[in-house]
């Protein structure tokens, strides 16, 4: 039985992160459709499941990899949007400026008046009020 399945899946795409997301989405749609008695959600669940199995058994591996790559880029952007955000304490004590030449972010202490800021990356100097 295992050899039969292995031969069936040879040259096919298989399961990736997008497939798991689609399976969870189908499960949520199915539960919501059953609880709230909405037939449209059940139909949508079947469409998502069909697309999921289409991806698993597809032989166009490159196209499926590109679809998964789009999901991973979106996930990375969403995940890192909050990771690079300064904390409340940092916003209270520091100001962030962007170098006009190289666009490097520079953090300077607040309350120092007008100061000359020198970018460590490109050595451009500019004056800002903190």
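Numbering (the working numbering), first residue to last: 350 to 479. Just so you know, even glycine gets a beta-carbon here, dropped at the ideal spot from N, CA and C. This structure is a prediction, so every number in the text was calculated from the model and none was measured.
Buried versus exposed call for residue i [16 or more other C-beta atoms within 10 Å across all chains shown]
| i | result |
| --- | --- |
| residue 450 | exposed |
| residue 402 | exposed |
| residue 425 | exposed |
| residue 378 | buried |
CB of residue i within 9 Å of CB of residue j, strictly
| i | j | result |
| --- | --- | --- |
| residue 463 | residue 476 | yes |
| residue 371 | residue 406 | no |
| residue 381 | residue 392 | no |
| residue 404 | residue 368 | yes |
| residue 445 | residue 458 | no |
| residue 420 | residue 366 | yes |
Test: residue i CB closer than 9 Å to a CB of chain C
| i | result |
| --- | --- |
| residue 356 | The structure shown contains no chain C; it holds only a single protein chain. |
N-terminal and C-terminal residue of the alpha helix (DSSP H) that residue i is part of
| i | result |
| --- | --- |
| residue 351 | 351–358 |
| residue 384 | 366–385 |
| residue 403 | 388–405 |
Straight-line Cα distance separating residue j from residue i
| i | j | result |
| --- | --- | --- |
| residue 363 | residue 357 | 11 Å |
| residue 397 | residue 410 | 19 Å |
| residue 456 | residue 361 | 50 Å |
| residue 353 | residue 447 | 60 Å |
| residue 454 | residue 472 | 13 Å |
| residue 452 | residue 413 | 36 Å |
N-terminal and C-terminal residue of the beta strand (DSSP E) that residue i is part of
| i | result |
| --- | --- |
| residue 467 | 463–467 |
| residue 477 | 474–478 |
For this session: Jot down the residue ranges of each uninterrupted beta strand (DSSP E) in the segment 413–453, minimum 3 residues, whole runs only, in chain order.
Result: 443–447
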